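Colleague: Here it is, the structure, as structure tokens.
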Amino acid sequence: MKLKVLGSGSSGNCYILENDEEALIIEAGLPFMEVKKALDFNVMKIKAVLITHDHGDHRKYWFEYVRAGIPVSEPFKLDGSSLEFDNSQFRVMAFENQDKSGRWLHNNGDGSECPCYGFCIMHPDIGSLIYATDTEYVRWRFKGVNHILCEANYDMQFVNRDEPNYEHRLRGHMSLDTALKFISTNDNPALRNVVLIHLSDKCGDPAVFQKRAKEVLKYDTDVYVAHKGLEISLDLCPF
Numbered sequence: 006m007k008l009k010v011l012g013s014g015s016s017g018n019c020y021i022l023e024n025d026e027e028a029l030i031i032e033a034g035l036p037f038m039e040v041k042k043a044l045d046f047n048v049m050k051i052k053a054v055l056i057t058h059d060h061g062d063h064r065k066y067w068f069e070y071v072r073a074g075i076p077v078s079e080p081f082k083l084d085g086s087s088l089e090f091d092n093s094q095f096r097v098m099a100f101e102n103q104d105k106s107g108r109w110l111h112n113n114g115d116g117s118e119c120p121c122y123g124f125c126i127m128h129p130d131i132g133s134l135i136y137a138t139d140t141e142y143v144r145w146r147f148k149g150v151n152h153i154l155c156e157a158n159y160d161m162q163f164v165n166r167d168e169p170n171y172e173h174r175l176r177g178h179m180s181l182d183t184a185l186k187f188i189s190t191n192d193n194p195a196l197r198n199v200v201l202i203h204l205s206d207k208c209g210d211p212a213v214f215q216k217r218a219k220e221v222l223k224y225d226t227d228v229y230v231a232h233k234g235l236e237i238s239l240d241l242c243p244f
């Protein structure tokens, strides 16, 4: 199983989990044509598209998949769900990103709240993978997780505090410090890959983020920073 990163950030998010027989798309923030190219136009292997929330950089091109007859899962419309797909070994649990008071941890830019979900994705090839983005933190702990794709949007040392309303732009996104706490909380001997996603162009440094993530991990875990064109093997075997 491979992870292919087509886009990660405010300009558009889209990730592919793919083996020879099937593929799962995470986020629809880039044109379907980009996914077709990445799959060598073998779109019949796509089992479903998962979308975390109703913002354009994650959902803009959802209708192109629907038009092609591909199932699109949007748990923020269904109040969460467990997902199983026909003729597929993918299993997905959606989890809500809320604080203890029940407040959604992402917003629409006007102060209103935007429901946002993360995903626990399971497949025999990869074990379990946690995907979490566009949230200020994740309150859940996952036992024996094998792969983590986690937002690390900004670090305050890179934030221009003289910029008007800079705090408003950070709201609903995960800081590097919070991401590192989540990663270290879920660190375990079976954790093979950590991928930091959705970095801010202005408020993050990929080399610094990667270095700090490696420092909090106790085991021999690979750490990546997502960028267009990144491909990672997620196979558990022969390990």
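Residue numbers for the sequence shown follow this note's numbering, so the first one is 6 and each next one is one higher.
Note that the Cβ used here is the ideal one computed from N, Cα and C, for glycine as well.
Note that the structure is predicted; figures quoted are calculated from it, not measured.
How would you call K216, buried or exposed, if buried means at least 16 neighbouring beta carbons within 10 angstroms?
Modeller: Taking the sequence shown and counting its residues from 1, one reaches residue 216 at position 211. Result: exposed.
Colleague: Let me know the beta strand (DSSP E) ranges lying completely inside the region 122-157, each 3 residues or longer, listed in chain order.
Modeller: Listed in chain order, they are 122-128, 132-137 and 152-156.
Colleague: What does the Cβ neighbour count give for C242, buried or exposed, with the cut at 16 atoms within 10 Å?
Modeller: To locate residue 242, count along the sequence shown from 1; it is residue 237. C242 should be labelled exposed.
Colleague: Mapping DSSP to helix, strand and coil, what is Y159?
Modeller: As a working note, residue 159 is residue 154 in the sequence shown. In the structure shown, Y159 sits in a strand (DSSP, three-state: E or B).
Colleague: How many whole angstroms separate the CB atoms of N158 and M179, which I take to be in contact at a CB cut-off of 8 Å?
Modeller: Here residue 158 refers to the residue found at position 153 when the sequence shown is read from its first residue. Here residue 179 refers to the residue found at position 174 when the sequence shown is read from its first residue. Contact holds; Cβ gap of about 6 Å.
Colleague: Between which two residues does the beta strand (DSSP E) harbouring D182 extend?
Modeller: Numbered from its first residue, the sequence shown carries residue 182 at position 177. Note, D182: premise wrong, no beta strand (DSSP E); alpha helix (DSSP H) at L181 to T190.
Colleague: Going by DSSP, which residues form a beta bridge with G34?
Modeller: The residue given as residue 34 occupies position 29 in the sequence shown. In DSSP, G34 forms no bridge with anything.
Colleague: Just how far apart, CA to CA, sit L134 and Y229?
Modeller: Position 129 of the sequence shown, counted from the first residue, corresponds to residue 134. Position 224 of the sequence shown, counted from the first residue, corresponds to residue 229. Taking the straight line from one Cα to the other gives about 15 Å.
Colleague: Let me confirm a value: H173 is counted as buried when at least 16 other C-beta atoms fall within 10 Å, else exposed. Which label applies?
Modeller: For the purposes of this step, residue 173 is taken as residue 168 along the sequence shown, with counting starting at 1. Residue placement at H173 is poorly supported in this model, since its pLDDT is 49, which falls under 50; the coordinates still yield a value, given next. The residue in question, H173, is exposed, as its Cβ has fewer than 16 Cβ neighbours within 10 Å.
Colleague: Could you check whether R64 and I56 sit closer than 7 Å to each other, using their CB atoms as the reference points?
Modeller: Residue mapping note: residue 56 aligns to position 51 of the sequence shown, counting from 1. Residue mapping note: residue 64 aligns to position 59 of the sequence shown, counting from 1. A contact, by the Cβ cut-off of 7 Å.
Colleague: What did DSSP end up calling G14 once you bin it into helix, strand or coil?
Modeller: Counting from 1 along the sequence shown, the entry for residue 14 is found at position 9. Coil, per DSSP.
Colleague: If you compare alpha carbons, which of K9, G17, G14 and S16 is closest to L29?
Modeller: Position 24 of the sequence shown holds residue 29. Closest by alpha carbon: K9.
Colleague: Less than 7 Å between the beta carbons of L201 and F187, yes or no?
Modeller: As a first step, residue 201 is located in the sequence shown; it is residue number 196 there, counting from the start. As a first step, residue 187 is located in the sequence shown; it is residue number 182 there, counting from the start. Not a contact, by the Cβ cut-off of 7 Å.
Colleague: Which residue from G61, K41 and P80 puts its Cα closest to that of Y70?
Modeller: Here residue 70 refers to the residue found at position 65 of the sequence shown. If we check each option's Cα against that of Y70, K41 comes out closest.
Colleague: Check whether the region 31-49 touches the region 217-225, taking contact to mean three or more Cβ pairs, one atom from each stretch, closer than 8 Å.
Modeller: Result no; under three Cβ-Cβ pairs closer than 8 Å.
Colleague: For P129 and Q94, what's the separation of their Cα atoms in angstroms?
Modeller: By 1-based counting over the sequence shown, the position of residue 129 is 124. By 1-based counting over the sequence shown, the position of residue 94 is 89. Using only the alpha carbons, I get a separation of about 7 Å.
Colleague: To which residues does DSSP link M6 through a beta bridge?
Modeller: In the sequence shown, the residue the question calls residue 6 occupies position 1. The partner list for M6 (beta bridge, DSSP) is empty, contrary to what the question assumes.
Colleague: Considering only residues of the same chain and omitting the five flanking positions on each side of N151, which have a CB-CB separation below 7 Å?
Modeller: Start at 1 with the first residue of the sequence shown, and residue 151 comes out as number 146. So the list reads I131, G132, S133, L134, A195, L196, R197 and L241, once near-sequence residues are dropped.
Colleague: Go through its chain and collect everything with a Cβ distance to D62's Cβ below 6 Å, but skip five positions before and after it.
Modeller: Within the sequence shown, the letter at position 57 stands for residue 62. Cβ neighbours of D62 beyond the five flanking positions: S15, G17, N18 and G34.
Colleague: Helix or strand or just coil, what does DSSP make of Q103?
Modeller: Sequence index remark: in the sequence shown, residue 103 carries index 98 (1-based). Strand, per DSSP.
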